[in-house]
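K.L.:
Sequences listed follow chains A and B, in order. Residue 475 is where the first sequence ends in the numbering used here, and the numbering goes up by one at each step. Residue 475 is where the second sequence ends in the numbering used here, and the numbering goes up by one at each step. Handing you a structure now.
There are 2 protein chains.
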Amino acid sequence: MPIDYDKMMTMPAIEIRHTFKRSDTILYALGIGIGAEAPTDPDSLRYLYEDRLEAFPTMAVVLGNPGLWFKDPQYGVDWKRIVHGEQSTVIHRTLPIEGEVMGTTRVVAIYDKGPDKGAVVCSTREVRVRATGDLIATQRMSSFLRGDGGFGGSSEGAPKPHQTPTARACDESATLSTRSDQALLYRLAGDLNPLHIDPEVAKAAGFPVPILHGLCTYGIVGRAVLKTLCGGTPQRLKRFDVRFSSPVFPGETLRVEVWREERGRAAVQARVLERDVIVLRNGLVEYDA
Amino acid sequence: MPIDYDKMMTMPAIEIRHTFKRSDTILYALGIGIGAEAPTDPDSLRYLYEDRLEAFPTMAVVLGNPGLWFKDPQYGVDWKRIVHGEQSTVIHRTLPIEGEVMGTTRVVAIYDKGPDKGAVVCSTREVRVRATGDLIATQRMSSFLRGDGGFGGSSEGAPKPHQTPTARACDESATLSTRSDQALLYRLAGDLNPLHIDPEVAKAAGFPVPILHGLCTYGIVGRAVLKTLCGGTPQRLKRFDVRFSSPVFPGETLRVEVWREERGRAAVQARVLERDVIVLRNGLVEYDA
């Protein structure tokens, strides 16, 4: 059954009312590996200890998240073959550590990369404090529907990603490990897609073992970004955009490279050290310099 | 302010109504390290994947748990110096993976080990399915109130713990690692006592760093017990009693030793390999042989 372009483009906004507790905020932080290396460090504990809790800024990606709405059969999507393509998060205010938020997700574009490559569905999500309507974050994400290309759409018009100045050496770098059970933990905070736990589903999707969530990699790289560019202060991170170019397998080591550009702006990419494969590219960070 | 023996012995039963979800059952399993070594193994996934979920039997210890009720100032306890002394869990039926349970906790004895050693408070807890009243588990635990000995009570009468036949070599053994952030994860499922996360609280309690929860060690050792004695089948574990003899620091490696005794009965102890210190002793397991 082919993807239903018209149905998807005209679907109503998905409104998600999301109540979360301090323990969820802590679980997100554990899911992206905070505390794994320095469990008693104040820079870990601020995201892990309810007594002095702050939300790690990339947690915006799990707030008001509609989950795998592609699974709804009406859209005709081969959902097991979906992977995350791009993620952009603009942070407007300090994230709450608990409470109730609303996430409003809209499909804004669908590109057809051809029957061999797949379809790309772009959506946006606004996350607001439910009680006040205050905007917390605006996100734009693209999902790569690897089994759904060739529906007759256009492949043109997608916004160009941020270019990484790889002609020169990076200004900062950091090495972060992931754990073999990283996805098992991240999924409780973020995304229960079985691709990240079920060996059979992973195999059916063309992977030898379950892969790490793109958004888990995003959070882990976000830790390096916050440390190298924002002095570890969560409020200084204003925007973080990336393109996921290859899957990460749980247990692999990430090498994050950062290029400072104009004031308050930097480029980022990350590779898996063990395989020397770039897994996250075209990264853009905006921050309070 | 001294411990108030009469008040504690006559306190009404603490009734805890506890609603938990599949994600809590998974979080408990992650908290005791299931999946850390073999994240895609079916024997891990049965406790981690909502699609085929079972509860790990030692999870009984977090069901209907009243938490740190000793903190209530009316009992006069130096609560920061409390450590877990003993834990006995008798399992009557397969644990639910979600739902609502009732925990009923009663103080049954208090022993005075003297001003230098502390007081020992013994309590029991029955855990029942709330809707039916069916008994899931009966627990007996003792808490060591290290700062509250010398209140003038008796030191006699405590039941004798199970003897470990250390004169002969053990029949089975297993080595299990813990992680430096093990307590940070376990506490979300089990017990938010700051002793297990807050370096200042740990120091005030006389420890160089936050220690692992006794009940986290209990669950980790339970994994070795289930594997060596019960063929990995959770329903076969019927009883698991231990005495906590020394703290475990997160990141240390546990060596679990098992002695088979009469049919369906075994003795257990565990030591920290790095320091060659026995941390869990007088262990008794009863199981369907």
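Backbone N, C-alpha and C define an ideal beta-carbon position, used for all residues, glycine too. Keep in mind that this is a model prediction, so the values were computed, not measured.
8 Å is my cut-off, CB to CB: does S363 of chain B come that close to chain A?
P.N.:
no
K.L.:
Report the option in A:L239, A:G253, A:P243 and A:P228 whose CA atom is closest to the CA atom of V471 of chain A.
P.N.:
A:P243
K.L.:
Could you tell me which whole alpha helix (DSSP H) segments of length 4 or greater appear in the region 381 to 459 of chain A?
P.N.:
Counting whole runs of 4 or more residues, the region 381 to 459 of chain A contains the alpha helix (DSSP H) stretches 385 to 390 and 400 to 415.
K.L.:
Check whether the region 260 to 271 of chain A and the region 391 to 405 of chain A touch, using three or more Cβ-Cβ pairs below 8 Å as the test.
P.N.:
A contact is defined here as three or more CB-CB pairs under 8 Å, and the region 260 to 271 of chain A meets this definition with respect to the region 391 to 405 of chain A.
K.L.:
Please check if any C-beta of chain A sits within less than 8 Å of the C-beta of A222 of chain B.
P.N.:
yes
K.L.:
Pick out the complete beta strand (DSSP E) segments inside the region 270 to 306 of chain B, 3 residues or longer, and give them in chain order.
P.N.:
If one requires a minimum length of 3 residues, the beta strand (DSSP E) runs lying completely within the region 270 to 306 of chain B are 285 to 298, in chain order.
K.L.:
Give the residues of chain B in contact with Y235 of chain A, contact being defined as C-beta atoms less than 7 Å apart.
P.N.:
Within chain B, the residues I383 and D384 have their CB atoms less than 7 Å from the CB of Y235 of chain A, given in chain order.
K.L.:
Going by C-alpha to C-alpha distance, which of A:P433, A:F430, A:A453 and A:V458 sits closest to L440 of chain A?
P.N.:
A:V458
K.L.:
Alpha carbon to alpha carbon, what distance is there between F393 of chain A and V263 of chain B?
P.N.:
Each residue's Cα considered, the two are about 55 Å apart.
K.L.:
Can you pull the chain A residues whose beta carbon is under 7 Å from the beta carbon of I212 of chain B, in chain order?
P.N.:
L374
K.L.:
Could you name the residues that DSSP lists as bridge partners for L362 of chain B?
P.N.:
B:L440
K.L.:
Give the range of the beta strand (DSSP E) segment to which G469 of chain B is assigned.
P.N.:
V463 to Y473
K.L.:
To the nearest angstrom, report how far apart V387 of chain B and V307 of chain B are at their CA atoms.
P.N.:
22 Å
K.L.:
In its own chain, which residues sit with a C-beta less than 7 Å from the C-beta of G304 of chain A, not counting the 5 before and 5 after it?
P.N.:
If we look at G304 of chain A and ignore the five residues flanking it on each side, its Cβ neighbours are F330, L331, R332, G333, D334 and G335.
K.L.:
Taking 8 Å as the CB-CB limit, is D377 of chain A close to chain B?
P.N.:
no
K.L.:
Looking only at C-alpha atoms, which of B:S328, B:H382 and B:M245 sits nearest to K346 of chain B?
P.N.:
Ranking B:S328, B:H382 and B:M245 by Cα distance to K346 of chain B puts B:S328 first.
K.L.:
Let me confirm a value: E342 of chain A is counted as buried when at least 16 other C-beta atoms fall within 10 Å, else exposed. Which label applies?
P.N.:
exposed
K.L.:
Whose C-beta lies closer than 8 Å to the C-beta of F256 of chain A among residues of the same chain, with five residues either side of it excluded?
P.N.:
Around F256 of chain A: V263, W265, I268, V307, S329 and L331.
K.L.:
Using a beta-carbon distance cut-off of less than 7 Å, what residues from the region 397 to 409 of chain A approach chain B?
P.N.:
none
K.L.:
With burial defined as no fewer than 16 other Cβ atoms inside 10 Å of the residue's Cβ, what is the status of S274 of chain B: buried or exposed?
P.N.:
buried
K.L.:
Ignore the nearest five residues each way along the sequence and tell me which others in I202 of chain B's own chain have a CB closer than 6 Å to its CB.
P.N.:
G250, P252 and G289
K.L.:
Pick helix, strand or coil for E481 of chain A, following the three-state DSSP scheme.
P.N.:
With chain A covering 187 to 475 only, the question about residue 481 of chain A has no answer from this structure.
K.L.:
Looking at chain A, is there any beta carbon in it that lies within less than 8 Å of the beta carbon of L254 of chain B?
P.N.:
No, its Cβ sits nowhere closer than 8 Å to a Cβ of chain A.
K.L.:
Would a C-beta distance cut-off of 8 Å place L423 of chain B and I277 of chain B closer than the cut-off?
P.N.:
yes
K.L.:
Classify G195 of chain B as buried or exposed, calling it buried when 16 or more other Cβ atoms lie within 10 Å of its own Cβ.
P.N.:
The sequence given here has Met at residue 195 of chain B, not Gly. By the 10 Å Cβ count, M195 of chain B comes out exposed.
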